[in-house]
Amino acid sequence: MAHSARRDSPELPDFSLLKRLARDQLIYLLEQLPGKKDLFIDADLMSPLDRIANVSTLKQHEVDKLYKVEYKPIVSIILALASKLSGMFFHIASCCISLVVPDVANADKAAGRFRRYKIIFTPQKFYACEAVLEEQGIFGDVTTDEWAFYLLPLDDDIISLELPEFFRDNFLAGDQRWVRTAGSALHLLHTVYGPFSKIHGIGRFSKMAYESWREQVEEGETKARQAEIGKVFLIDRDVDYVTPLCSQVVYEGLVDDIFRIKCGCVEFGTDVTSSDKRVKVMLNSQDKVFDEIRNEHFSNVFGFLSQKAKNLQTAYDKRRGMDIQQIKTFVSEELKGLKQEHRLLSLHIGASESMMKKKTKQDFQELLKTEHSLLEGFEIRECITFIEEHINRQVSMIESLRLLCLLSITENGLLPKDYRSLKAQYLQSYGVDHLLTFANLKQSGLLVEQQPGETLTVMESKVGKLVNDKAAGKLTDAFSSLAKKSHFRALSKKLNLVPKSDEEYDLRVPRDMAYIFSGAYVPLSCKLVEQVLERDGWTGLEEVTRLLNGHEFSVTGSSRAKNDAQRIVLVMFLGGCTFSEISALRFLGRERGYKFIVVTTAITNSSRLIETLLDNHA
Amino acid sequence: MMKSKPDEEDYWNSSKFKAFTFDDEDDEFSRLKESKQAVNSIRGLVEEDDDEDDVEKVSWSGEPVGSISWSVRETAASNHRTDREPAFPKINTETPPLSRSHSGYSLSSLFKGKTKGGNFQSITDTLSDSSVRLYAPELRKPKSEYKDYVSDWSPEETVHRMKQGKSVSLEKFRSLQDKLLLLDFSVAAHDGNVITAVLIYLKRTLSKEVLFRELESRQTALRHFIHYLTETRDQKLLLELLRALGRTEDMVLLQYKEHLSIADENKRRDFLKSCLSLPFPADDSAHVQDHYTLLERQIIIEATDGQAERGGKVEMFHKFPRRASIVNMPLITTLYYCCFYHYEEPEGSFSSPLNIRHTFRISEKQFFVTALAARAKLKAWSDVDALFTCRNWLGFTRKRSPVTFSRVVDILQKNSAPTQVLQDYVALVDDVTLRISLAQKLKCHDIIINTYRDLKDRQLLLGYRGKVEIGSAEERKIIELLDNQVRSSSSSSSSSSCDFLFLLQQIRWKN
Chain Y
1 MAHSARRDSP ELPDFSLLKR LARDQLIYLL EQLPGKKDLF IDADLMSPLD RIANVSTLKQ
61 HEVDKLYKVE YKPIVSIILA LASKLSGMFF HIASCCISLV VPDVANADKA AGRFRRYKII
121 FTPQKFYACE AVLEEQGIFG DVTTDEWAFY LLPLDDDIIS LELPEFFRDN FLAGDQRWVR
181 TAGSALHLLH TVYGPFSKIH GIGRFSKMAY ESWREQVEEG ETKARQAEIG KVFLIDRDVD
241 YVTPLCSQVV YEGLVDDIFR IKCGCVEFGT DVTSSDKRVK VMLNSQDKVF DEIRNEHFSN
301 VFGFLSQKAK NLQTAYDKRR GMDIQQIKTF VSEELKGLKQ EHRLLSLHIG ASESMMKKKT
361 KQDFQELLKT EHSLLEGFEI RECITFIEEH INRQVSMIES LRLLCLLSIT ENGLLPKDYR
421 SLKAQYLQSY GVDHLLTFAN LKQSGLLVEQ QPGETLTVME SKVGKLVNDK AAGKLTDAFS
481 SLAKKSHFRA LSKKLNLVPK SDEEYDLRVP RDMAYIFSGA YVPLSCKLVE QVLERDGWTG
541 LEEVTRLLNG HEFSVTGSSR AKNDAQRIVL VMFLGGCTFS EISALRFLGR ERGYKFIVVT
601 TAITNSSRLI ETLLDNHA
Chain R
619 MMKSKPDEED YWNSSKFKAF TFDDEDDEFS RLKESKQAVN SIRGLVEEDD DEDDVEKVSW
679 SGEPVGSISW SVRETAASNH RTDREPAFPK INTETPPLSR SHSGYSLSSL FKGKTKGGNF
739 QSITDTLSDS SVRLYAPELR KPKSEYKDYV SDWSPEETVH RMKQGKSVSL EKFRSLQDKL
799 LLLDFSVAAH DGNVITAVLI YLKRTLSKEV LFRELESRQT ALRHFIHYLT ETRDQKLLLE
859 LLRALGRTED MVLLQYKEHL SIADENKRRD FLKSCLSLPF PADDSAHVQD HYTLLERQII
919 IEATDGQAER GGKVEMFHKF PRRASIVNMP LITTLYYCCF YHYEEPEGSF SSPLNIRHTF
979 RISEKQFFVT ALAARAKLKA WSDVDALFTC RNWLGFTRKR SPVTFSRVVD ILQKNSAPTQ
1039 VLQDYVALVD DVTLRISLAQ KLKCHDIIIN TYRDLKDRQL LLGYRGKVEI GSAEERKIIE
1099 LLDNQVRSSS SSSSSSSCDF LFLLQQIRWK N
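Protein chains in written order, with the working numbering: chain Y, 1 to 618; chain R, 619 to 1129.
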């Protein structure tokens, strides 16, 4: 709907070029395998691949059959095998490749079949994967290659690395294998749309990604060109865990929470289509109806859609009383558009209804009330009781954990008594296996017990997380983890993240980014972006960065060209970002005359975040 | 190649490079050109990487295509870096990355923990003295072997090449200090891929004891190693590592985790039993004990009930066939199951809900909620009622609940309790607004009418009249109440006679 803020926002660069590049590389790789070949593709790579090339492109390059390879529960493997002359594998990089490929290859050998295999890793191949092939004795029988498919534009202003595993690898395991990937992705953007004039960032991995990018810039040669992207902001997901743990109430976020948007595409069930067919829909700015409601608070969406429906009715009704000639023009010029709009409209109305139903069923209001109380630090006991009942009634394994994490992060850890009791009840309700999940949550700092006396805090903040001191390592297990202290209350006060609740908040006319959470909370991540852009650095935010455990930086490049590009800001989330955050940034952009481009390792939400940390399966 | 970097590194501003020299106007075209160039550059890559020998390498060369990453790294290989992009500065914060000129220093600041062995000193020495580096392999190896090496990279250069995905040979790093230098440089480079590659080499060429010892003071490398062992499922080595590091908690959890891959329930139970002796922290120890006890019991219950079901003698199983095996279900699911099928059993029985409650120390609230849901599902309303009943010291019974009555209503309603049952509990909701909204949602007319009456709100009552069926008992009741109002207003003048019964009937409407 019309938020008429600044009209002079600059134009976004054209990111379809990135797709073209990826496609060209893919074709080149296919041509490296002359003759007919079968493709075995990792299930997780199917959707991204779909965005890049279609089946006919593959057929043109002599791909005979396509297979989807699912090798769960092991992370994501993207594979290909051959039945004719040669074959190939795709893989989003994990060592687990070893567990599939040798079986296939060795089975072939045993059967006396001759097939050539090629594994193509994307976006990057790892030494570890090849080491495994070597160990299995099939190195050489199987050759490898890389498809440097770093960036997938999901929309005009969203680019994804499609690396959901980034989060767990970095923030749980502490494996930095994706740092270079992130640096390379940034480098690609810099090469095509840069040069950047200024880079701000916060977080350990942001810093590392920056370093990796800087090195790549130094190593390469860059042609001078007119910059299309001026500023860059890098942020680690663990700087702000609160935002992705909150229920989303902006339309696009809500759709993601409920139906799960995958790679910019959502599958609506029969309850939405009100027919017996499921339907897959692309959700992006091409969908004009969606484009208008995606950033809206859900409470506004119904009104908007019904108004739209009325307008549509009027447009249809126009044909009454038309003469033949007029009808002819109507049919040839307007009807198609109207039909299209009609289809979209009924789809989104269906989706809204279905979401409404689901949310009333699970007492959404009460859930939101609890979340808001947690954010505000108000009536914590009641919140704990609510969470407890949630657990007791086995409502939802993920939801319960999400609330526990939110409680822990906003309260800077649970009291030992509460922690023990809630954990025990959780294990009773959802299985003792979740001992492992709790260990993960503790390690990542999402769900922790308050330490008796906060003596560690001082030390931790002094030495940072790169503790190499032997003595310190023995102090506590928490030391070896990547967990960090959350200082949400202090941050919230400092940055005024939770507006006073007694004020009325008109969600139809949002006054700040808090509207994405019904006016209850300004997302910390986006607030940081706002503040840093306003100050053009971290000056004056010393207290805030201290509370965020440091690792902030601001660097200036040389191109000081004053043009529109300076108001195009690329925000890169390392570890995922939510649709709500994107909506908040779009709002900020409209208010301040910026255009934001969101680059993220993956689109995330509370369920995805928690699911990656579950460990109750083999 | 990295050594000859002049001062401009620090004074990037002074670069001669101008950002906009050409293609200002023809943006589209240049962009196209660029993409084309990028693709071409991939093709150009077909040139083989420098050293293609039969030396054992961390295999990275492979196909003619080499590394595709068009991230301009191939251009780095060709050394014509004449017009360098004016660079962004390095970020110098608390832990500066190894700078090339003073790497020794930054190393020491990064790896404080390593001062114990005297070997740190020597690391710095080797590093600064590159000539030593050149001769070292020669001293170690027979000449014939040396011939195989085309190039001789320092640990720093090696790490740098690995980052770019180029082929390297790690075989020549044979002294411990070389290996550690390699590791420390890879850690300082923040590239997990390279760190892991070096660790794989170290794992192959160092004894466990030495490797573990060195990893202890290198947390980042250690994390990578643990992750690598986890991904390749090298359980045995991982356990040894954790034990050596004294990370008991991680170790026992890892061992416990193994039960997930045991499909057979009896074997799983036995495995869990063996876990009981592991040094878990106190709380977890109790949880694992519960896990074992629960599985043991589930196996027994499943056997008994399965038999009973097949026997076809037990009506319950006939009426409500079991949908899944109870084995490996969470405790609360088991409790629900027992409340469903074995509610009446005496406490001595394994499958009795009370027995389960005591064995696993289930809280009153938890037990209550579960039993309520199970009995409601069976529509055993008398059981439901009995759950709430408690006698006070005078012997009166009243309804009491460890959870709020609105929650009770919610549970009952989710189990499709009829309105007659629901309204008994809706009436017990304390909060008036909540009571009304629940009653409205569940169509408990009586409660709404009574509540409006108690609120003395005539308008609301009038309004509600339109919502009930015409001619129904509810409507009659409303009319009666409203009549009462008429009566009371007409008789208000004579209301001085304070009759108790009359007052009870009379309503002083507030509107």
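Ideal Cβ placement from N, Cα and C applies to all residues, glycine included.
So which of the options has the shortest CA-CA distance to residue i?
i	options	result
R:Ser986	R:Tyr954, R:Arg1016, R:Glu962 and R:Glu965	A quick correction: the sequence has Phe, not Ser, at residue 986 of chain R. The option with the nearest alpha carbon to R:Phe986 is R:Tyr954.
Y:Gln394	R:Ala1057, R:Glu933 and R:Gln984	R:Gln984
Y:His617	Y:Ser492, Y:Leu415, Y:Arg489 and Y:Leu435	Y:Leu435
Y:Leu441	Y:Glu211, Y:Glu228 and Y:Leu614	Y:Leu614
Y:Arg260	Y:Asn605, Y:Glu611 and Y:Ile610	Y:Asn605
Y:Thr612	Y:Leu401, Y:Glu542 and Y:Ile582	Y:Leu401
R:Tyr959	R:Ile980, R:Ser787 and R:Met934	R:Met934
Y:Ile568	Y:Lys527, Y:Pro499 and Y:Lys198	Y:Lys198
R:Thr866	R:Gln1077, R:Ser903, R:His936 and R:Arg940	R:Ser903
Y:Ser275	Y:Glu341, Y:Phe330 and Y:Leu347	Y:Leu347
R:Leu912	R:Lys937, R:Val1002, R:Met947 and R:Leu878	R:Met947
Looking at chain R, is there any beta carbon in it that lies within less than 9 Å of the beta carbon of residue i?
i	result
Y:Tyr127	yes
Y:Met208	yes
Y:Trp178	yes
Y:Gln124	yes
Y:Glu333	no
Y:Lys423	yes
Y:Tyr430	yes
Y:Leu447	no
Y:Ala621	Beyond the ends of chain Y as shown, which are 1 and 618, falls residue 621 of chain Y; an answer cannot be given.
Y:Val217	yes
Looking at the C-beta of residue i, does it have a partner C-beta in chain Y at a distance below 9 Å?
i	result
R:His845	yes
R:Thr700	Its pLDDT being 37, under 50, R:Thr700 is placed unreliably by the model, and the measurement read from it follows with that caveat. Chain Y contact via Cβ: present.
R:His842	yes
R:Asn1033	no
R:Asp888	no
R:Ala994	no
R:Arg1025	yes
R:Thr922	no
R:Ile580	The shown model of chain R, from 619 to 1129, leaves out residue 580 of chain R, and the question about it has no answer.
Give the secondary structure of residue i by DSSP, where H, G and I count as helix, E and B as strand, and everything else as coil.
i	result
Y:Asp238	helix
R:Ile1067	helix
Y:Ile628	Residue 628 of chain Y lies beyond the residue range present for chain Y, which begins at 1 and ends at 618; the question has no answer from this structure.
Y:His297	strand
R:Lys1017	strand
Y:Gly506	Note that residue 506 of chain Y is Asp in the sequence shown, not Gly. Coil.
Y:Gly350	helix
Y:Ile159	strand
Y:Ser396	coil
Measure the beta-carbon distance from residue i to residue j and round it to whole angstroms, keeping in mind my assumption that it falls under 8 Å.
i	j	result
Y:Val279	Y:Phe290	Not quite, the Cβ-Cβ distance comes to about 14 Å (not below 8 Å), so this is no contact.
Y:Leu172	Y:Leu161	Contact flag wrong, Cβ pair sits at about 18 Å.
Y:Gln176	R:Asp809	7 Å
Y:Asp236	Y:Ser206	5 Å
Y:Glu285	Y:Asp155	The sequence given here places Ser at residue 285 of chain Y; Glu does not occur at that position. Correct: roughly 6 Å between the Cβ atoms.
R:Leu801	R:Leu820	7 Å
Any beta carbon from chain B within less than 9 Å of residue i's own beta carbon?
i	result
Y:Ala53	No chain B appears in the structure shown, which is made up of the protein chains Y and R.
Got a sec: which bits of the segment 336-354 of chain Y sit with their beta carbon under 8 Å from any beta carbon on chain R, in order along the chain? none
Compile a chain-ordered list of the residues in the segment 1041-1053 of chain R whose CB is closer than 9 Å to at least one CB of chain Y. none
Using a Cβ cut-off of 8 Å, which residues of the segment 1086-1105 of chain R contact any Cβ in chain Y, in chain order? none
What are the residues of the segment 127-141 of chain Y that lie near chain R, defined by any Cβ-Cβ distance shorter than 7 Å? Tyr127, Ala128, Glu130, Ala131, Val132, Glu134 and Phe139
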